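Position 81 (the sequence shown) corresponds to 81 in the UniProt record's numbering; numbering is contiguous.
All C-beta atoms, glycine included, are put in the ideal place defined by N, C-alpha and C.
Fair warning: this is a prediction, and the values are worked out from it, not measured in the lab.
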Amino acid sequence: MYLHTFSERCIIHRDVKSSNILLDHSMCGKVADLGFSKFAPQEEDSGASLEVRGTAGYLDPEYYSTQQLSSKSDVFSFGVVLLEIVTGREPLNIHRPRSEWSLVEWVRSLCCILVFSL
Numbered sequence: 001m002y003l004h005t006f007s008e009r010c011i012i013h014r015d016v017k018s019s020n021i022l023l024d025h026s027m028c029g030k031v032a033d034l035g036f037s038k039f040a041p042q043e044e045d046s047g048a049s050l051e052v053r054g055t056a057g058y059l060d061p062e063y064y065s066t067q068q069l070s071s072k073s074d075v076f077s078f079g080v081v082l083l084e085i086v087t088g089r090e091p092l093n094i095h096r097p098r099s100e101w102s103l104v105e106w107v108r109s110l111c112c113i114l115v116f117s118l
């Protein structure tokens, strides 16, 4: 289920990250820290913009540059959480070589290498 499953309007969390996903005794994930959450713009408000919120490394690049919300913003952030789980790396780490600072960019470069080596 997603944040807007039981709501008439889509709710966008705007700060999905590993520390905001809690597990209960049954290992069922719960989304925490809804302080930045907003209703997604409705069709007539499709150009609605809000301040950029969230945590560096998890921000949707489109949202970061355009400051326009969409339901895709949280999907991108959740994808970063999945990459953290799979790789065991933080989303940003300036102590790594420059080409590996951003987890997303590092994985993207690995995917390009794999595609071209096939």
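{"Check": "Which partner residues does residue 16 have in the DSSP bridge list?", "Outcome": "None, per the DSSP bridge assignment."}
{"Check": "Using a Cβ-Cβ cut-off of 8 Å (strictly less than) and excluding sequence neighbours within five positions of residue 81, which residues of its own chain qualify?", "Outcome": "16, 17, 18, 21 and 58"}
{"Check": "Can you give me the Cβ contacts of residue 100 inside the same chain, cut-off strictly under 6 Å, excluding the 5 residues immediately before and after it?", "Outcome": "106"}
{"Check": "Which one of 103, 63 and 112 has the shortest CA to CA distance from residue 87?", "Outcome": "103"}
{"Check": "Tell me which same chain residues have a C-beta within less than 6 Å of the C-beta of residue 47, skipping the five on either side of it?", "Outcome": "The predicted position of residue 47 is uncertain, since its pLDDT is 49 and thus under 50; no value can be drawn from it."}
{"Check": "According to the neighbour-count rule (16 or more other Cβ atoms, all chains shown, within 10 Å of its Cβ), is residue 14 buried or exposed?", "Outcome": "buried"}
{"Check": "Return the chain-ordered ranges of every alpha helix (DSSP H) run that is complete within the segment 53-102 and spans a minimum of 4 residues.", "Outcome": "61-66 and 72-87"}
{"Check": "Helix or strand or just coil, what does DSSP make of residue 110?", "Outcome": "helix"}
{"Check": "Within its chain, find whatever has a CB closer than 7 Å to the CB of residue 55; leave out the 5 residues flanking it on each side and keep chain order.", "Outcome": "15 and 17"}
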